[in-house]
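Below you'll find the structure, written out as structure tokens, and then a few comments.
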Amino acid sequence: MPNQHTTEAVNHEAILVPLDLAEFHIVNQEWLATGTIRVEVIATATQATCPHCHKPCVKIHDTRPRKKRDRALREHRVELIVLKRRFRCLRCRKAFTEPDTACGWRRKTTARLREEIGKRAYTQPISHVATACGVGPRFVQGCFQSVALQELQEKGLTLDEQQPLDTPEFLGIDEFARRKGHVYETILCDVGTHQVLEVSAGRKLDEVTTLLERLREPDAVKAVSMDMSASYRPAVQLCLPKAHIVVDQQFLFLRAQEDLSEQHAQERTLIGEQLPVLELAWQLKEELRTWYATSTMTTAASNLDAWIEKVHTFGPEPLRKTLSAFKNWRHEILAFFQFLPMRLSNGFVEGKNNRTKAIIRQGYGYRNRYHLRLRILLGNVA
Ligand SMILES: [Zn+2]
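What follows is the structure in structure tokens.
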């Protein structure tokens, strides 16, 4: 900080930091006892365009100081005193105030401060950011919203739930509960490029149909990946008749594992007696895993049928119980092999959902659906 502009800094070694606001010229600066750095600035432009007659104008009518807050320097609050000039147009005789591009019309903060606060809210709950920055939570929400909306726009996404959607070749669809057991949302992703396409209210047939009907080219979808437990199959069959439905393979193994651990828990006391059964179940599960890893389009069906037959004949009860799912989803399980070597999976969608659940749990200040959607669509945040 140059000495001639300081009051308190005379007893300190000071550092010099550029203001980086090209539109302003520094008139004066001081370091207040409170720690605030006060910088008096004035626009570098020597003329302004009259908003009434659009002619350049140079006659300054008067100058009024306006206090604005800028980004802090370490823990020092930075206050800009903008000497705003009022012009009188020589042509149309009307007076006008020069525009302020650093802050915006009637804003008390610089745009770059608002951007900084908005970006902090990407990774921290609203209330934390508000406390840390010494502003209100609503202000933080507003900052986050404008930064996020701009980024969304750059990604070619919109919050308008009526807009048509670009159609990827490989879709992934899943559900999550916004309020446990009450309010469900459907998340639709491009699993080829790992992008969230849309977050849409509800998971019922008509709600999902409305969502899928927004796809611009329904015939361009080659496959839709989903979880066996979800109820999306009818809607996809209805709206995307040309797409193959592929169920996620992770679910198959998880299911088998769950059954094993369930049995293990139930019959722990009979462990000695049960060990051979567990061993057999584990072997059968491993066989299924091998089948999944090594099958091709030509061998998958016959090998799956052989496995089902084996489980049916020799398998322990809990594993036999899973066979109905294999029969019910046989077509969708086998569809996976049509897209090899691409290993189509819903892993990306499930990952997004886990992240979403964490956002809801941590209470990012987004109890309302609008903000939650915005966060999920942004994809790369929190
Ligand atoms: Zn004018």
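Residues 1 to 382 in my numbering are what the sequence shown spells out, letter by letter. Glycine is no exception: its CB is placed at the ideal position from the N, C-alpha and C atoms.
Own chain partners of residue i with C-beta closer than 7 Å, once the 5 adjacent residues on each side are dropped
i: P137; result: I126, S127, A130, G365
i: L165; result: L197, E198, R214, L215, R216
i: L240; result: L212, P218, V221, V224
i: A111; result: A102, C103, G104
i: T34; result: none
i: E287; result: W307
i: T97; result: K84, R86
i: S345; result: S225, D248, Q249, Q250
i: R120; result: V129
i: L378; result: A148, E151, L152
i: P2; result: The predicted position of P2 is uncertain, since its pLDDT is 46 and thus under 50; no value can be drawn from it.
beta-carbon residue i near ligand 1 non-hydrogen atom, thresh 7 Å
i: K55; result: yes
i: R71; result: no
i: C50; result: yes
i: K94; result: yes
i: R85; result: no
i: R361; result: no
i: R375; result: no
i: C143; result: no
i: R91; result: yes
Opposing strand residues paired with residue i [DSSP bridges]
i: W31; result: I37
i: I81; result: E40, K67
i: Y184; result: A177
i: F139; result: In DSSP, F139 forms no bridge with anything.
i: T109; result: R69
i: V199; result: I187
i: D62; result: R86
i: L323; result: Looking at the DSSP assignment, L323 forms no beta bridge with any residue, so it has no partner.
i: G172; result: C189, S225
i: I117; result: According to DSSP, I117 bridges with nothing at all.
i: P56; result: T49
i: L165; result: L215
Sequence-distant residues of its chain with Cβ nearer than 6 Å to residue i (five each side left out)
i: C143; result: R114, I117, G118
i: C53; result: R91, C92
i: L254; result: Low per-residue confidence applies at L254: pLDDT is 47, beneath 50, and the placement is therefore not dependable, though the value from the model is reported in the following sentence. So no residue of the chain qualifies.
i: P56; result: Q47, T49
is_contact[residue i, chain C] using C-beta, thresh 8 Å
i: Y232; result: Absence of chain C from the displayed structure is noted, only one protein chain being present.
Spatial neighbours of residue i in its chain, beta-carbon cut-off 8 Å, leaving aside the 5 residues before and after
i: H331; result: I245
i: H61; result: R85, R86, F87, R88, A95
i: L340; result: T296, M297
i: K327; result: I308
i: V349; result: G172, I173, D174, I187, C189, V191, S225
Residue i: first and last residue of the uninterrupted alpha helix (DSSP H) it sits in
i: V311; result: 300-314
i: T193; result: Taken as a continuous stretch (DSSP letters only), T193 belongs to no alpha helix (DSSP H), as it is neither H nor E.
i: S127; result: 126-133
i: D206; result: 205-212
i: G350; result: In the sequence as presented, Gly is not what sits at residue 350; that position holds Glu. It spans 347-362 - the alpha helix (DSSP H) in which E350 sits, taken as one unbroken run.
i: E332; result: 330-335
i: H12; result: Here H12 belongs to no alpha helix (DSSP H), and DSSP marks it neither H nor E.
i: Y370; result: 369-378
i: R233; result: 233-239
For residue i, the first and last residue of its enclosing beta strand (DSSP E)
i: H244; result: 244-247
i: T97; result: 95-97
i: A223; result: 223-226
Buried or exposed (CB count within 10 angstroms, at least 16 for buried), residue i
i: Q283; result: exposed
i: L372; result: buried
i: S200; result: buried
i: Y232; result: buried
i: R74; result: exposed
i: T269; result: At T269 the pLDDT is 49, less than 50, meaning the model places this residue with poor confidence; the figure from the coordinates comes in the next sentence. Its Cβ having fewer than 16 others within 10 Å, T269 is exposed.
i: Q257; result: Here Q257 scores only 48 on pLDDT, less than 50, and its place in the model is too uncertain to base an answer on.
i: T109; result: buried
i: A293; result: exposed
i: Q4; result: Annotation note: pLDDT 46 at Q4 (below 50); position unreliable, coordinate value reported separately. Flag for Q4 reads exposed.
i: T356; result: buried
i: G315; result: buried
i: T299; result: exposed
i: V58; result: exposed
i: D206; result: exposed
i: P168; result: buried
i: L80; result: buried
i: N353; result: buried
i: Q362; result: exposed
i: H12; result: exposed
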